[in-house]
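Worksheet: the structure to be examined is printed underneath.
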Amino acid sequence: MEDRSAKYRAFYAQLICAAAKTTDTRIEQAFRTVKREPFAGPGPWSICLGGHPYVVTPDDDPAFLYQNTLLALDPARGLNIGMPGAHAYWLSGCGVREGEIVIQIGAGSGYYTAILAHLVGPGGRVHAYEIDERLAVLARENLKDIAHVDVRERSGIASDLPAADVIYVCAGAAQPAAEWLEALRPGGRLVFPLAPEGMLGGMLMINRPDAGAMWPAKFLSRAQFIGCAGLQDVDAGRRLAEAFARGWESVRSFRREDAPDETCWFAGEGWWLSTASAAVPTEAIHPHADITQA
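Note that my numbering has the sequence shown beginning at 1, numbered continuously upward.
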(Lines of atoms letter the chains of each structure in order from A and count residues from 1; the text may use other names and numbers.)
(Lines give C-alpha, C1' and ligand atoms only; values in the text may rest on other atoms or scores of the structure.)
Protein backbone atom coordinates (compact mmCIF):
# COMPACT_ATOMS: atom_id res chain seq x y z
CA MET A 1 0.00 0.00 0.00
CA GLU A 2 2.96 2.30 0.63
CA ASP A 3 4.02 2.08 -3.02
CA ARG A 4 0.46 2.78 -4.16
CA SER A 5 0.26 5.82 -1.89
CA ALA A 6 3.51 7.17 -3.34
CA LYS A 7 2.14 6.70 -6.85
CA TYR A 8 -1.07 8.49 -5.94
CA ARG A 9 0.83 11.39 -4.36
CA ALA A 10 3.01 11.88 -7.41
CA PHE A 11 -0.04 12.19 -9.68
CA TYR A 12 -1.93 14.30 -7.13
CA ALA A 13 0.94 16.78 -6.77
CA GLN A 14 1.04 17.31 -10.53
CA LEU A 15 -2.76 17.58 -10.69
CA ILE A 16 -3.13 20.26 -8.05
CA CYS A 17 -0.16 22.28 -9.28
CA ALA A 18 -1.79 22.28 -12.71
CA ALA A 19 -5.06 23.43 -11.09
CA ALA A 20 -3.14 26.14 -9.22
CA LYS A 21 -1.33 27.24 -12.38
CA THR A 22 1.98 27.11 -10.53
CA THR A 23 5.30 25.92 -11.87
CA ASP A 24 7.02 26.11 -8.45
CA THR A 25 8.71 22.72 -8.16
CA ARG A 26 9.08 23.14 -4.38
CA ILE A 27 5.31 23.25 -3.96
CA GLU A 28 4.85 20.17 -6.13
CA GLN A 29 7.52 18.37 -4.10
CA ALA A 30 5.82 19.31 -0.81
CA PHE A 31 2.47 17.89 -1.92
CA ARG A 32 4.24 14.83 -3.33
CA THR A 33 6.09 14.21 -0.05
CA VAL A 34 3.50 14.84 2.68
CA LYS A 35 1.12 11.91 3.17
CA ARG A 36 -2.53 12.84 3.60
CA GLU A 37 -3.55 9.64 5.41
CA PRO A 38 -2.52 10.65 8.98
CA PHE A 39 -4.29 14.00 8.70
CA ALA A 40 -7.51 12.54 7.25
CA GLY A 41 -7.93 9.83 9.90
CA PRO A 42 -9.35 6.37 9.19
CA GLY A 43 -11.60 5.90 6.15
CA PRO A 44 -14.10 5.81 4.62
CA TRP A 45 -14.01 9.59 4.20
CA SER A 46 -16.51 12.31 3.31
CA ILE A 47 -15.33 14.43 0.41
CA CYS A 48 -16.90 17.14 -1.71
CA LEU A 49 -16.35 19.84 -4.26
CA GLY A 50 -16.97 23.31 -2.89
CA GLY A 51 -20.66 24.11 -2.50
CA HIS A 52 -21.83 20.55 -3.10
CA PRO A 53 -22.97 17.85 -0.63
CA TYR A 54 -20.44 15.45 0.86
CA VAL A 55 -20.04 12.04 -0.77
CA VAL A 56 -18.80 9.13 1.34
CA THR A 57 -16.06 7.06 -0.26
CA PRO A 58 -16.83 3.35 -0.79
CA ASP A 59 -13.89 2.24 1.37
CA ASP A 60 -10.54 3.39 2.76
CA ASP A 61 -8.49 3.13 -0.43
CA PRO A 62 -6.05 6.09 -0.16
CA ALA A 63 -6.67 6.85 -3.83
CA PHE A 64 -9.78 8.73 -2.68
CA LEU A 65 -7.60 11.11 -0.62
CA TYR A 66 -5.44 12.22 -3.52
CA GLN A 67 -7.90 14.32 -5.44
CA ASN A 68 -8.45 18.07 -5.67
CA THR A 69 -11.41 18.06 -3.29
CA LEU A 70 -12.43 19.14 0.19
CA LEU A 71 -11.90 16.39 2.76
CA ALA A 72 -14.15 16.50 5.82
CA LEU A 73 -12.74 16.50 9.33
CA ASP A 74 -16.16 17.15 10.86
CA PRO A 75 -18.96 17.11 8.25
CA ALA A 76 -21.58 18.27 10.74
CA ARG A 77 -19.69 21.51 11.32
CA GLY A 78 -18.36 21.87 7.78
CA LEU A 79 -14.75 21.55 8.96
CA ASN A 80 -12.51 20.35 6.16
CA ILE A 81 -8.97 19.85 5.00
CA GLY A 82 -9.16 22.55 2.36
CA MET A 83 -9.02 22.33 -1.41
CA PRO A 84 -5.40 21.44 -2.29
CA GLY A 85 -5.35 23.31 -5.59
CA ALA A 86 -6.48 26.50 -3.85
CA HIS A 87 -3.83 26.22 -1.15
CA ALA A 88 -1.13 25.43 -3.73
CA TYR A 89 -2.08 28.62 -5.55
CA TRP A 90 -2.08 30.76 -2.40
CA LEU A 91 1.23 29.32 -1.21
CA SER A 92 2.71 30.04 -4.60
CA GLY A 93 1.36 33.59 -4.36
CA CYS A 94 2.94 34.37 -1.00
CA GLY A 95 6.25 32.71 -1.94
CA VAL A 96 7.16 30.82 1.24
CA ARG A 97 10.94 30.45 1.27
CA GLU A 98 13.39 28.14 3.01
CA GLY A 99 14.45 29.36 6.43
CA GLU A 100 11.44 31.62 6.97
CA ILE A 101 9.28 31.83 10.08
CA VAL A 102 5.60 31.11 9.41
CA ILE A 103 2.55 31.52 11.62
CA GLN A 104 -0.45 29.44 10.59
CA ILE A 105 -3.83 30.40 12.01
CA GLY A 106 -6.32 27.51 11.91
CA ALA A 107 -4.13 24.42 11.64
CA GLY A 108 -6.96 21.90 11.64
CA SER A 109 -5.45 18.42 11.83
CA GLY A 110 -2.13 19.77 10.54
CA TYR A 111 -1.99 18.86 6.84
CA TYR A 112 -1.14 22.32 5.52
CA THR A 113 1.10 22.88 8.54
CA ALA A 114 3.17 19.94 7.27
CA ILE A 115 3.18 21.43 3.76
CA LEU A 116 4.41 24.75 5.18
CA ALA A 117 7.07 22.92 7.23
CA HIS A 118 8.33 21.25 4.07
CA LEU A 119 8.54 24.62 2.30
CA VAL A 120 10.52 26.39 5.07
CA GLY A 121 12.74 23.38 5.72
CA PRO A 122 14.60 22.51 8.94
CA GLY A 123 16.17 25.97 9.01
CA GLY A 124 12.75 27.61 9.28
CA ARG A 125 9.93 27.39 11.79
CA VAL A 126 6.15 26.97 11.71
CA HIS A 127 4.05 28.12 14.66
CA ALA A 128 0.58 26.59 14.21
CA TYR A 129 -2.45 27.86 16.14
CA GLU A 130 -5.66 25.84 16.48
CA ILE A 131 -8.45 26.94 18.81
CA ASP A 132 -10.46 23.70 18.54
CA GLU A 133 -9.24 21.34 21.26
CA ARG A 134 -9.88 18.09 19.38
CA LEU A 135 -8.21 19.30 16.21
CA ALA A 136 -5.25 20.72 18.13
CA VAL A 137 -4.66 17.32 19.75
CA LEU A 138 -4.79 15.65 16.33
CA ALA A 139 -2.42 18.21 14.82
CA ARG A 140 0.08 17.84 17.65
CA GLU A 141 0.10 14.06 17.24
CA ASN A 142 0.33 14.24 13.46
CA LEU A 143 3.19 16.74 13.52
CA LYS A 144 5.18 15.41 16.49
CA ASP A 145 8.02 14.14 14.31
CA ILE A 146 8.64 17.51 12.62
CA ALA A 147 11.07 19.27 14.93
CA HIS A 148 10.60 22.73 13.44
CA VAL A 149 6.82 22.82 14.05
CA ASP A 150 5.01 23.67 17.26
CA VAL A 151 1.23 23.51 17.75
CA ARG A 152 -0.46 25.95 20.12
CA GLU A 153 -3.96 25.14 21.33
CA ARG A 154 -5.35 28.66 21.46
CA SER A 155 -6.50 31.58 19.41
CA GLY A 156 -4.10 33.06 16.91
CA ILE A 157 -5.33 36.55 17.79
CA ALA A 158 -2.93 37.44 20.58
CA SER A 159 -0.40 40.14 21.45
CA ASP A 160 2.42 37.63 22.00
CA LEU A 161 2.64 36.25 18.46
CA PRO A 162 6.24 35.63 17.39
CA ALA A 163 7.71 37.78 14.62
CA ALA A 164 7.04 36.11 11.28
CA ASP A 165 7.90 36.32 7.61
CA VAL A 166 4.57 34.79 6.58
CA ILE A 167 1.22 34.61 8.36
CA TYR A 168 -1.07 32.12 6.66
CA VAL A 169 -4.66 32.22 7.89
CA CYS A 170 -7.12 29.38 7.31
CA ALA A 171 -10.25 30.97 8.79
CA GLY A 172 -12.46 33.69 7.35
CA ALA A 173 -12.42 37.17 8.88
CA ALA A 174 -14.16 40.50 8.39
CA GLN A 175 -10.87 42.32 8.97
CA PRO A 176 -7.16 41.64 9.49
CA ALA A 177 -6.28 41.27 13.16
CA ALA A 178 -4.03 44.09 14.36
CA GLU A 179 -1.91 41.43 16.07
CA TRP A 180 -1.15 39.79 12.71
CA LEU A 181 -0.04 43.07 11.20
CA GLU A 182 2.21 43.84 14.16
CA ALA A 183 3.81 40.38 14.03
CA LEU A 184 4.85 40.74 10.38
CA ARG A 185 8.50 41.46 9.77
CA PRO A 186 9.44 44.00 7.06
CA GLY A 187 9.09 42.14 3.79
CA GLY A 188 6.59 39.78 5.42
CA ARG A 189 3.33 38.59 3.86
CA LEU A 190 -0.06 38.19 5.50
CA VAL A 191 -2.43 35.95 3.54
CA PHE A 192 -5.94 35.66 4.94
CA PRO A 193 -9.54 35.21 3.75
CA LEU A 194 -11.31 38.57 3.92
CA ALA A 195 -14.53 36.59 4.11
CA PRO A 196 -16.74 36.54 7.21
CA GLU A 197 -18.34 33.17 7.93
CA GLY A 198 -20.92 32.14 5.36
CA MET A 199 -19.73 34.66 2.78
CA LEU A 200 -17.79 34.27 -0.45
CA GLY A 201 -14.99 36.78 -0.08
CA GLY A 202 -11.40 36.84 -1.24
CA MET A 203 -7.94 35.63 -0.21
CA LEU A 204 -6.10 38.87 0.48
CA MET A 205 -2.31 39.17 0.56
CA ILE A 206 -0.80 42.16 2.35
CA ASN A 207 2.96 42.86 2.15
CA ARG A 208 4.69 44.81 4.90
CA PRO A 209 7.22 47.22 3.37
CA ASP A 210 10.40 48.38 5.08
CA ALA A 211 8.78 51.78 5.67
CA GLY A 212 5.64 53.72 4.93
CA ALA A 213 1.96 53.54 5.79
CA MET A 214 0.80 52.34 2.37
CA TRP A 215 1.29 48.57 2.16
CA PRO A 216 1.08 46.62 -1.12
CA ALA A 217 -2.00 44.39 -1.17
CA LYS A 218 -4.04 42.35 -3.62
CA PHE A 219 -6.59 39.57 -3.76
CA LEU A 220 -5.17 36.29 -4.96
CA SER A 221 -8.61 34.77 -5.63
CA ARG A 222 -12.12 34.45 -4.26
CA ALA A 223 -12.33 32.37 -1.08
CA GLN A 224 -14.75 31.04 1.51
CA PHE A 225 -13.77 29.57 4.88
CA ILE A 226 -15.25 28.67 8.23
CA GLY A 227 -15.21 31.81 10.38
CA CYS A 228 -12.32 32.98 12.56
CA ALA A 229 -13.52 33.46 16.14
CA GLY A 230 -13.30 37.09 17.21
CA LEU A 231 -13.15 38.57 13.72
CA GLN A 232 -16.78 38.42 12.60
CA ASP A 233 -18.92 41.47 11.85
CA VAL A 234 -22.38 41.28 10.29
CA ASP A 235 -22.38 44.85 8.99
CA ALA A 236 -18.88 44.54 7.57
CA GLY A 237 -19.90 41.27 5.93
CA ARG A 238 -22.86 42.97 4.22
CA ARG A 239 -20.68 45.83 2.98
CA LEU A 240 -17.96 43.44 1.83
CA ALA A 241 -20.50 41.47 -0.20
CA GLU A 242 -21.47 44.71 -1.94
CA ALA A 243 -17.80 45.57 -2.58
CA PHE A 244 -17.05 42.16 -4.08
CA ALA A 245 -20.11 42.48 -6.31
CA ARG A 246 -18.50 45.60 -7.81
CA GLY A 247 -15.25 43.72 -8.54
CA TRP A 248 -12.15 42.84 -6.53
CA GLU A 249 -9.19 42.64 -8.94
CA SER A 250 -8.45 46.37 -8.71
CA VAL A 251 -7.27 46.38 -5.05
CA ARG A 252 -3.59 47.40 -4.87
CA SER A 253 -2.84 48.62 -1.35
CA PHE A 254 -3.74 48.48 2.34
CA ARG A 255 -3.88 51.58 4.53
CA ARG A 256 -4.02 52.09 8.30
CA GLU A 257 -3.51 55.83 8.34
CA ASP A 258 -5.25 58.78 6.73
CA ALA A 259 -8.92 59.01 5.87
CA PRO A 260 -10.20 56.93 2.94
CA ASP A 261 -10.12 58.85 -0.34
CA GLU A 262 -11.70 58.35 -3.77
CA THR A 263 -9.50 55.26 -4.36
CA CYS A 264 -11.10 53.40 -1.43
CA TRP A 265 -12.48 49.96 -2.36
CA PHE A 266 -13.57 49.05 1.19
CA ALA A 267 -13.13 50.72 4.57
CA GLY A 268 -13.11 48.87 7.86
CA GLU A 269 -12.58 50.23 11.36
CA GLY A 270 -9.16 51.87 11.31
CA TRP A 271 -8.10 50.39 7.95
CA TRP A 272 -9.03 50.46 4.29
CA LEU A 273 -8.20 48.93 0.94
CA SER A 274 -7.30 51.15 -2.00
CA THR A 275 -7.10 50.78 -5.76
CA ALA A 276 -4.01 53.02 -5.73
CA SER A 277 -0.67 51.23 -6.02
CA ALA A 278 1.77 51.31 -3.13
CA ALA A 279 5.34 52.46 -3.66
CA VAL A 280 6.63 48.88 -3.61
CA PRO A 281 4.70 46.66 -6.04
CA THR A 282 3.73 43.11 -5.13
CA GLU A 283 5.19 40.27 -7.16
CA ALA A 284 3.18 39.63 -10.31
CA ILE A 285 0.70 36.78 -9.99
CA HIS A 286 -2.52 36.64 -11.94
CA PRO A 287 -5.71 36.45 -9.84
CA HIS A 288 -7.36 33.04 -10.01
CA ALA A 289 -11.13 33.54 -10.16
CA ASP A 290 -11.94 29.81 -10.22
CA ILE A 291 -10.76 29.14 -6.67
CA THR A 292 -13.47 29.67 -4.10
CA GLN A 293 -13.41 27.33 -1.12
CA ALA A 294 -10.86 25.89 1.25
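Every residue, glycine too, gets a C-beta built ideally from N, C-alpha and C.
Here the structure is a predicted model, which is why all the values come from computation and not from measurement.
Residue i and residue j closer than 7 Å at C-beta
i	j	result
Leu157	Leu91	The sequence given here places Ile at residue 157; Leu does not occur at that position. Cβ atoms of Ile157 and Leu91: not closer than 7 Å.
Asn80	Leu15	no
Glu100	Val126	no
Pro58	Ser5	no
Met205	Arg222	no
Asn207	Pro216	yes
Val96	Val166	yes
Leu143	Val137	no
Phe219	Trp180	no
Val56	Ser46	yes
Ala107	Ala88	no
Thr186	Gln232	In the sequence under discussion, the amino acid at residue 186 is Pro, which differs from the Thr named in the question. Taking 7 Å as the Cβ cut-off, Pro186 and Gln232 do not qualify as a contacting pair.
Ile146	Ala117	yes
Gly85	Ala19	yes
Leu356	Ala40	Look at the range of the chain in this structure, 1 to 294, and you will see that residue 356 is not part of it.
Coil, strand or helix - residue i by DSSP
i	result
His118	helix
Trp265	strand
Gln312	This structure gives no information on residue 312, because the portion of the chain shown stretches from 1 to 294.
Gln224	strand
Pro281	The predicted position of Pro281 is uncertain, since its pLDDT is 49 and thus under 50; no value can be drawn from it.
Ser92	helix
Trp180	helix
Glu136	Here residue 136 is Ala; the residue named in the question, Glu, does not match the sequence. Residue state, collapsed to three classes: helix.
Leu161	coil
Arg97	coil
Tyr112	helix
Beta bridge counterpart(s) of residue i as assigned by DSSP
i	result
Val151	Ala128
Trp272	Arg255 and Ala267
Ile81	Leu71
Gly172	Gly227
Ile167	Ile103 and Leu190
(message) Under 8 Å: do the segment 194-208 and the segment 241-260 share three or more Cβ pairs, one atom per stretch?
(response) Taking a contact to require three or more Cβ pairs closer than 8 Å, the segment 194-208 and the segment 241-260 qualify as touching.
(message) Can you confirm whether the segment 217-237 touches the segment 172-184 when touching is taken to mean that 3 or more C-beta pairs between the two stretches lie within less than 8 Å?
(response) Contact between the segment 172-184 and the segment 217-237 is present: three or more C-beta pairs spanning the two stretches fall below 8 Å.
(message) At 4 residues or longer, what runs of the alpha helix (DSSP H) sit wholly inside the segment 23-58?
(response) Taken in chain order, the unbroken stretches of alpha helix (DSSP H) that lie wholly in the segment 23-58 and span 4 residues or more are 25-33 and 37-40.
(message) Restricting to runs no shorter than 3 residues, where is the beta strand (DSSP E) found entirely within the segment 192-245?
(response) Listed in chain order, the complete beta strand (DSSP E) runs (minimum 3 residues) inside the segment 192-245 are 201-207 and 214-223.
(message) With a threshold of 8 Å, are at least 3 pairs of Cβ atoms found where one atom belongs to the segment 261-277 and the other to the segment 175-186?
(response) The count of Cβ pairs closer than 8 Å, one atom from the segment 261-277 and one from the segment 175-186, reaches three, so the stretches are in contact.
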